[in-house]
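What follows is one structure encoded as structure tokens, with my remarks underneath.
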């Protein structure tokens, strides 16, 4: 509407280079983590990779045992209590995850700069910047190069909820899984909308890489199914054919994951939906409101899950209200 002084120039939120600018902004905002040093799980990873903790005889597909050293063996649980595992831990405690690509990324740290945690954190910052870049491009692919897509990407880049994935070097798995999960979505959408032929291979390939980075990537399937159900307007046959390679990847991964013995039991924090389905549903009911609330609150959701029940309930109630 020119008569009302409408400016036809591009908003800075729909500039072509916005994804790069937001990635740079994400890096600048997270630079303070360079001074944190090693925290909690980082110390265990350091001990394993520098062979300061006698490692178990790896029987699964873990490369170094960084995410599968608490394997449910009572004798090992007792032994690990000498290295920091709480003495009151469940005798058959099991927290084992299949994250070989993330293990390689950590192994590289200890090959190149084992005494410089800041450079380990820097790798995490670079992964986070890559995630922001990928998300900004994904929003543009779904909504077009609009100010709405740009604003959504900006809010994602500056959200404080990402802090949980940057405090520890050991949280790199979530950043890697998210990055390749977003690339999976982008390749899928581009294949569906534009007939992009490389997407036939690159989409499922990125999902494989995401799942081998961390089991978190399983949520990528939820986004793929949501897009197929609500934004893909083709006939049902074509929708299913597009989605089927991703379902096949997930099924194969799940079979290998369970046969190799990965999963969790008795931690009270991680809940395996395949091993403990009822407990998992109870955890969903308990934690889902928290996950929504922490988008607007200043307290990390993970803190609420480890506080005493009475304290946690009070905080949950006040936060939700």
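Numbering (the working numbering), first residue to last: 74 to 394.
Positions of the beta carbon are idealized from the N, C-alpha and C atoms, including for glycine.
Which partner residues of residue 144 appear in the DSSP bridge assignment? Paired residues: 167.
Have a look at residue 186 and residue 122 and give me their C-alpha separation to the nearest angstrom. The C-alpha of residue 122 is placed about 12 Å away from the C-alpha of residue 186.
For the region 225-233 against the region 103-120, do three or more pairs of beta-carbon atoms, one drawn from each stretch, fall closer than 8 Å, so that the two count as touching? Segments in contact, no.
Buried or exposed: where does residue 235 fall if 16 or more other Cβ atoms within 10 Å of its Cβ makes it buried? With 16 or more other Cβ atoms within 10 Å, it is buried.
Measuring alpha carbon to alpha carbon, tell me which residue in 101, 87 and 266 is nearest residue 195. For residue 195, the nearest C-alpha among the options comes from 101.
Counting pairs of Cβ atoms below 8 Å between the region 344-352 and the region 306-317, do you hit three or more? No: the two stretches stay apart, fewer than three of their Cβ pairs being nearer than 8 Å.
Are the CB atoms of residue 246 and residue 220 within a distance shorter than 8 Å? Inclusion of residue 220 and residue 246 in the CB contact set at 8 Å is not warranted, their separation being larger than that value.
CB of residue 424 within 8 Å of CB of residue 239, strictly: Nothing about residue 424 can be reported from this structure: the residues present for the chain run from 74 to 394 only.
Would you list, in sequence order, the uninterrupted alpha helix (DSSP H) runs of no fewer than 4 residues that lie entirely inside the region 202-275? If we require 4 residues or more, the alpha helix (DSSP H) runs fully inside the region 202-275 come out as 220-231 and 245-267.
Measure the Cβ-Cβ separation of residue 300 and residue 324 and say whether it is below 8 Å. Going by C-beta atoms, residue 300 is not nearer than 8 Å to residue 324.
Go through its chain and collect everything with a Cβ distance to residue 168's Cβ below 7 Å, but skip five positions before and after it. Around residue 168: 143, 337, 340 and 343.
So is residue 345 buried or exposed if we call it buried at 16+ other beta carbons inside 10 Å? With 16 or more neighbouring CB atoms inside 10 Å of its own CB, residue 345 falls in the buried class.
Residue from 329, 331 and 297 whose Cα sits closest to the Cα of residue 29: Outside the displayed span of the chain (74 to 394) sits residue 29, for which this structure offers no information.
From residue 332 to residue 176, what distance separates their C-alpha atoms? Computed Cα separation, rounded: 20 Å.
CA-to-CA distance, residue 313 to residue 135, given in whole angstroms: A direct Cα-Cα distance of roughly 33 Å separates residue 135 from residue 313.
Can you grab the Cα-Cα spacing for the pair residue 212 / residue 87, in whole Å? Between residue 212 and residue 87, the C-alpha separation is close to 11 Å.
Which of the three DSSP states, helix, strand or coil, is assigned to residue 338? Note: residue 338 maps to strand in three-state DSSP.
Roughly how many angstroms lie between the CA atoms of residue 75 and residue 85, to the nearest whole one? Because the pLDDT of residue 75 is 44, which lies under 50, any placement of that residue in the model is unreliable, and the number read from its coordinates should be weighed accordingly. C-alpha separation (whole angstroms): 20 Å.
Between residue 356 and residue 289, what straight-line distance do the alpha-carbon atoms span, to the nearest angstrom? So the two alpha carbons sit approximately 16 Å from each other.
Whether or not the region 178-185 and the region 262-277 are in contact is what I'm after, with contact meaning three or more pairs of Cβ atoms, one per stretch, closer than 8 Å; do they touch? The region 262-277 is not in contact with the region 178-185.
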